[in-house]
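Below is one structure, written out as structure tokens, with a few remarks after it.
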Amino acid sequence: MTELLYHWQVLGDEVKRKQYDTYGTADFGFGSGSAGSGQQYRHTGPTIDPEELFRKIFGEFSQSPFGDFSTVFDQPQEYIMDLTFSQAAKGVNKEIMVQINDTCQRCDGRGHEPGTRVVHCSYCNGTGTETINTGPFVMRSTCRRCGGRGSVVTNPCVICRGSGQTKQKKTVMVPVPAGVEDGQTVRMPVGRKEIFITFRVQKSPVFRRDGADIHSDLFISIAQAVLGGTARSPGLYETINILIPPGIQADQKIRMSGKGIPRVNSYGYGDHYIQVKIKVPKRLTDRQRALMLSYAEDETDVEGTVNGIASTNTGKRSTGS
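The opening residue of the sequence shown carries number 1 in the UniProt record's numbering; numbering runs sequentially from there.
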């Protein structure tokens, strides 16, 4: 900013500009160097107020009822949207209540009281622009009096105060893309402005998420684990029929390719991993117990003992019945 002000001051002063063209600087304050080619020059810097320069270049926004720096640098509003696990995974259109600037209902966006008229702007002669002289520069900018409209509101609307817009609560439909994650923020245009929406995704009682992949548990019986079979497991989009191979182990995972969540920044879907859990019954019928004892007697890979078995094929005895 200091260098900008310095050059502006030089260009705005006829004498200093000639000095700059001749010597490369507009100041002749000498440094500590010797005379001749080793002579050094320095300048003490500009004395003009930076705010004054900025105001001359960009205009007196604060004097205009239609221009304000607070509106130029207005921060987008932020909202939180709650989603279920399924809504975040599949996508959904969901409504949200927002507060936005919209057309004033009293003046219909005209900025003046109903029944009144606007007058021709004498400041810019109706052109909506004005010429600003800044020394050697001539700039054209938006008229500070009428805000570029070419006309002036003499009786501003009592609701919007001449802006033609008011803050209003409205319900807007948000198209939530499939695959959004908890804490993810998206930007959405609403009217002439934008809003930021951060998604808060609920945990699922069935699924666990890892990027585009999902994980769930499948509980099967001992007989299914040993002999194999089929089972039904809830999926993200439909119930899945699972083929259980004989001898499947506890915590072994079955991969269902392409049954996961859509990839947000890529193509395709993630996978669904089903983790097998073997249910061990706490109570047995007499027949089930007899069958289990018979099976235990034929086991050859027992490490330790089995209750109710006097001996096994490996010669190991039980600790009791």
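Glycine included, each C-beta is placed from N, C-alpha and C at the ideal position.
Residue i in three-state terms, based on DSSP
| i | result |
| --- | --- |
| Lys167 | strand |
| Tyr41 | Below a pLDDT of 50, predicted positions are generally treated as unreliable, and Tyr41, at 44, falls in that range; no measurement from the model is reported. |
| Glu181 | coil |
| Gln75 | coil |
| Glu60 | Note on Glu60: pLDDT 46, under 50, position unreliable in the model; no value is reported. |
| Leu243 | strand |
| Gln275 | strand |
| residue 323 | Since the first residue shown for the chain is 1 and the last is 321, residue 323 is missing from the structure and cannot be characterised. |
| Tyr123 | coil |
| Val186 | strand |
| Ile259 | The identity of residue 259 in the sequence shown is Lys, whereas the question assumes Ile. Lys259 falls in the coil class under three-state DSSP. |
| Gln99 | strand |
| Thr198 | strand |
| Pro114 | coil |
| Val302 | coil |
| Val158 | coil |
| residue 330 | For residue 330 there is no data in the structure shown, the boundaries of the chain being 1 and 321. |
| Ile254 | strand |
| Ile80 | strand |
| Pro175 | strand |
| Tyr269 | strand |
Own chain, CB closer than 6 angstroms to residue i, minus 5 neighbours either side, in chain order
| i | result |
| --- | --- |
| Cys107 | Cys157 |
| Gly91 | Val176, Pro177, Ala178 |
| Glu78 | Phe196 |
| Ala35 | Below a pLDDT of 50, predicted positions are generally treated as unreliable, and Ala35, at 43, falls in that range; the measurement from the model is reported next regardless. So no residue of the chain qualifies. |
| Gly162 | Pro65, Gly111, Val153, Pro156 |
| residue 333 | The structure shown does not extend to residue 333, since the chain spans only 1 to 321, so no value can be given for it. |
| Val199 | Checking the sequence, you will find Phe at residue 199 rather than Val. If we look at Phe199 and ignore the five residues flanking it on each side, its Cβ neighbours are Met81, Leu83, Val180, Gln184. |
| Gln224 | Ile244 |
| Pro234 | Val206 |
| Ile248 | Ala225, Val276 |
| Asp217 | Gln275, Lys277 |
| Glu113 | Asn155, Cys157 |
Beta strand (DSSP E) segment containing residue i, residue limits
| i | result |
| --- | --- |
| Asp213 | 213-220 |
| Lys203 | Where Lys203 is concerned, there is no enclosing beta strand (DSSP E), given that its DSSP letter is neither H nor E. |
| Tyr210 | Correcting the residue identity first, residue 210 is Asp in this sequence and not Tyr. Segment 208-210, the beta strand (DSSP E) holding Asp210. |
| Ile248 | Per DSSP, Ile248 belongs to no beta strand (DSSP E) and is neither H nor E. |
| Pro234 | 229-234 |
| residue 322 | This structure gives no information on residue 322, because the portion of the chain shown stretches from 1 to 321. |
| Thr142 | 137-142 |
| Ser151 | 151-153 |
Endpoints, the alpha helix (DSSP H) within which residue i is located
| i | result |
| --- | --- |
| Tyr295 | 286-298 |
| Ala89 | 85-90 |
Anticipated Cβ contact below 8 angstroms, residue i with residue j, distance rounded
| i | j | result |
| --- | --- | --- |
| Gly308 | Leu293 | 5 angstroms |
| Gly111 | Val153 | 5 angstroms |
| Val176 | Leu83 | 7 angstroms |
| Arg145 | Tyr123 | 4 angstroms |
| Lys193 | Ile100 | 6 angstroms |
| Val190 | Val98 | 6 angstroms |
| Ile96 | Val174 | 5 angstroms |
| Pro246 | Gly268 | Between Gly268 and Pro246 the Cβ distance is about 32 angstroms, and since that is not below 8 angstroms, they are no contact. |
Cutoff 7 angstroms; reference residue i; Cβ partners in own chain excluding five residues on either side
| i | result |
| --- | --- |
| Gln252 | Val276 |
| Arg255 | Asp271, Tyr273 |
| Cys104 | Cys157, Ile159, Cys160, Gly164, Gln165, Thr166 |
| Arg187 | Glu194, Phe196 |
Neighbourhood of residue i by C-beta, 8 angstroms cutoff - its chain only, sequence neighbours within 5 removed
| i | result |
| --- | --- |
| Thr131 | Val138, Met139, Arg140 |
| Gln288 | Pro281 |
| Cys121 | Gly128, Cys143, Arg145, Cys146, Arg149, Gly150, Ser151, Val152 |
| Thr230 | Asn241, Ile242, Leu243, Ile244 |
| Lys94 | Met81, Leu83, Gln87, Met173, Val174, Val176 |
| Gly109 | Thr103, Gly164, Gln165 |
CB contact below 8 angstroms: residue i versus chain C
| i | result |
| --- | --- |
| Val119 | In summary, chain C is missing from the structure at hand, where a single protein chain is found. |
Mind the definition here: the segment 209-227 touches the segment 262-276 only if three or more C-beta pairs lie below 8 angstroms; say whether that holds. Taking 8 angstroms as the limit for Cβ pairs, the verdict is that the segment 262-276 does touch the segment 209-227.
Does the segment 198-209 touch the segment 182-190, meaning 3 or more C-beta pairs lie closer than 8 angstroms? yes
Assess contact between the segment 255-266 and the segment 275-284, defined as three or more Cβ pairs (one per stretch) separated by less than 8 angstroms. Is contact present? no
Are there three or more Cβ pairs, one per stretch, closer than 8 angstroms when the segment 125-138 is compared with the segment 229-246? no
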